[in-house]
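**Q**
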Amino acid sequence: MRKRYEGRLKIRTWEECIAEFINWKRVQGLSKHTIDDYERNMTLFMSRYPDAWDSPHNLKSMLYEHLAQPDIAPATYNGRLVYLRTFLKWCVENNYIRENPLANLKKRREEGRRVSVDIEVLRELLKVPDQSTFVGLRDYALILLTLDTGIRPSEALALVPSNFRPKAREIHVTALTAKTRRSRDLPISDATIKAMNKLIRARPQGWADKVPIFCTYEGNALNRHVWGDRLERHSKEIGVHIRPYDLRHIYALESIRNGSSSFAVQKTLGHTTMEMTKRYVALINDDLKIEHAKTSPLNKIADEQPKRKRLTKLNVEENEE
Numbered sequence: 098m099r100k101r102y103e104g105r106l107k108i109r110t111w112e113e114c115i116a117e118f119i120n121w122k123r124v125q126g127l128s129k130h131t132i133d134d135y136e137r138n139m140t141l142f143m144s145r146y147p148d149a150w151d152s153p154h155n156l157k158s159m160l161y162e163h164l165a166q167p168d169i170a171p172a173t174y175n176g177r178l179v180y181l182r183t184f185l186k187w188c189v190e191n192n193y194i195r196e197n198p199l200a201n202l203k204k205r206r207e208e209g210r211r212v213s214v215d216i217e218v219l220r221e222l223l224k225v226p227d228q229s230t231f232v233g234l235r236d237y238a239l240i241l242l243t244l245d246t247g248i249r250p251s252e253a254l255a256l257v258p259s260n261f262r263p264k265a266r267e268i269h270v271t272a273l274t275a276k277t278r279r280s281r282d283l284p285i286s287d288a289t290i291k292a293m294n295k296l297i298r299a300r301p302q303g304w305a306d307k308v309p310i311f312c313t314y315e316g317n318a319l320n321r322h323v324w325g326d327r328l329e330r331h332s333k334e335i336g337v338h339i340r341p342y343d344l345r346h347i348y349a350l351e352s353i354r355n356g357s358s359s360f361a362v363q364k365t366l367g368h369t370t371m372e373m374t375k376r377y378v379a380l381i382n383d384d385l386k387i388e389h390a391k392t393s394p395l396n397k398i399a400d401e402q403p404k405r406k407r408l409t410k411l412n413v414e415e416n417e418e
């Protein structure tokens, strides 16, 4: 094990620091999904740069090299920065290192990925899973649930039968499994209730709450990476690329288009602030502007106007409105 550089600092290996930090985060009550993200990001860096913990110079230069990876997406950069910066801040507070090399680095601007999927494409997607098999029925029900509620993939995959409340027409996301650690109840439609009832009836009774609703045919937990691969396989069948989080975005956009309030969408999605919901509203407004540019009656009227002499100089005041 590599010991950290000497001084009046406490001597810890990076493995010891990570283990202690992860336990501290668990005590804080963070979700398993967030804990896994912390562990993955820190372990990735230390496995790539095993000498980083040998000296302050090594740590700083190797952190910068890690973040300066060519062609890295803004979202990937921001994820690495946030998780590593938080860990190093904790190390400083606990006197394991003297300074945090990432303290003053800022996140990069994320343009965001515009999700535009026609309703007919979604209908075709729902036809792909073979509902005569357990796995196909599971995938079909999971697609329906996500489109119906906008539930996060990690939250959906943690649901157990007792979280499904067909009589109340809702799904209960517990505080333990919610990303924000706040429980919420999500209304569900008849089609979702029917599919989930059928899926739960297809399971051995002995599984009960010991096995998540959306599991493998052997009764093992399904992780979000496997679910992403499954959805990619289904979407390729119809010539598109749809990811699990795309279904969540589609729910938000279509709900707003259909008249749902921003507040209702925020609560259903489980956002703690209106920031993300405002992005969805902004995307809808952009859509309206694009459609207006295509369909405005003035397009035809203006095209039929006689061409006028082009002006090369305007004799107006700069502040004229």
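Under my numbering, read the sequence shown as residues 98 to 418, first letter to last. From the three backbone atoms N, C-alpha and C, an ideal C-beta is built for every residue, glycine too.
1. Starting from residue 195, trace the beta strand (DSSP E) in both directions and tell me its first and last residue.
2. Between the C-alpha atoms of residue 138 and residue 375, what's the straight-line distance to the nearest angstrom?
3. Does the segment 227-241 come close enough to the segment 320-331 that 3 or more CB-CB pairs lie under 8 Å?
4. Can we say the segment 314-321 touches the segment 213-227, given the rule of at least three CB pairs closer than 8 Å?
5. Exposed or buried, residue 398, counting other C-beta atoms within 10 Å across all chains shown (16 or more means buried)?
6. Who are the near neighbours of residue 347 in its chain, counting only those whose CB is closer than 8 Å to its CB and skipping five residues on each side?
7. Let me check understanding here. Comparing Cα to Cα, which of 259, 240, 277 lies closest to residue 370?
8. Starting from residue 202, follow the beta strand (DSSP E) in both directions and report where the run begins and ends.
9. So residue 269 and residue 282 are in contact, right, with Cβ under 8 Å, and what is the actual spacing, rounded?
10. At 3 residues or longer, what runs of the beta strand (DSSP E) sit wholly inside the segment 252-307?
11. With DSSP as the reference, please indicate the residues paired to residue 312 in a beta bridge.
12. Are there 16 or more other CB atoms within 10 angstroms of the CB of residue 144, so buried, or fewer, so exposed?
13. In the DSSP assignment, find the alpha helix (DSSP H) that holds residue 238 and state where it starts and stops.
14. Thinking just about the alpha-carbon of each residue, which of 129, 163, 157 is nearest to the one in residue 252?
15. Do three or more CB pairs link the segment 300-318 to the segment 252-267 at distances below 8 Å?
16. Determine whether the beta carbon atoms of residue 280 and residue 289 lie at a separation below 9 Å.
17. Using only alpha-carbon positions, find the residue among 109, 120, 119 that is nearest to residue 150.
18. Rounded to whole angstroms, how far is the Cβ of residue 132 from the Cβ of residue 122, which I believe are closer than 8 Å?
19. Evaluate residue 352 with the Cβ neighbour count: other Cβ atoms within 10 Å of its Cβ, from every protein chain shown; 16 or more gives buried, anything less gives exposed.
20. Which residues in the same chain as residue 194 place their Cβ atom closer than 8 Å to its Cβ, once the five residues preceding and following it in sequence are excluded?
21. Within 10 angstroms of the Cβ of residue 124, are there 16 or more other Cβ atoms? Answer buried if so, exposed if not.
22. Look up residue 176 in the DSSP assignment and say whether it is helix, strand or coil.
**A** Once the coordinates are examined:
1. Per DSSP, residue 195 belongs to no beta strand (DSSP E) and is neither H nor E.
2. Near 29 Å, if we compare the C-alpha coordinates of residue 375 and residue 138.
3. Yes: at least three Cβ pairs fall under 8 Å.
4. No, the segment 314-321 is not in contact with the segment 213-227.
5. Flag for residue 398 reads exposed.
6. Counting only residues of its own chain and dropping the five nearest sequence neighbours on each side, residue 347 has a CB closer than 8 Å to the CB of 212, 214, 219, 244.
7. With distances taken between Cα atoms, residue 370 lies closest to 277.
8. First-last for residue 202: undefined, no H or E at that position.
9. Their Cβ separation, rounded to whole angstroms, is 5 Å, which keeps residue 269 and residue 282 in contact under 8 Å.
10. Whole beta strand (DSSP E) segments, 3+ residues: 267-270, 281-284.
11. The partner list for residue 312 (beta bridge, DSSP) reads 318.
12. Label assigned to residue 144: exposed.
13. Judged by DSSP secondary structure, residue 238 falls within the alpha helix (DSSP H) whose first and last residues are 231-246.
14. Of 129, 163, 157, the residue nearest in Cα terms is 129.
15. A contact exists between the segment 300-318 and the segment 252-267.
16. No Cβ-Cβ contact shorter than 9 Å links residue 280 with residue 289.
17. Ranking 109, 120, 119 by Cα distance to residue 150 puts 109 first.
18. Their Cβ separation, rounded to whole angstroms, is 6 Å, which keeps residue 132 and residue 122 in contact under 8 Å.
19. When all chains shown are included, residue 352 counts as buried.
20. Residues of the same chain with a CB within less than 8 Å of the CB of residue 194, apart from the 5 flanking positions on each side, are 101, 106, 153, 156, 185, 188 in chain order.
21. In summary, residue 124 is exposed, with fewer than 16 beta-carbon neighbours lying within 10 Å of its beta-carbon over all protein chains present.
22. Residue 176 sits in a helix when the DSSP states are folded into three classes.
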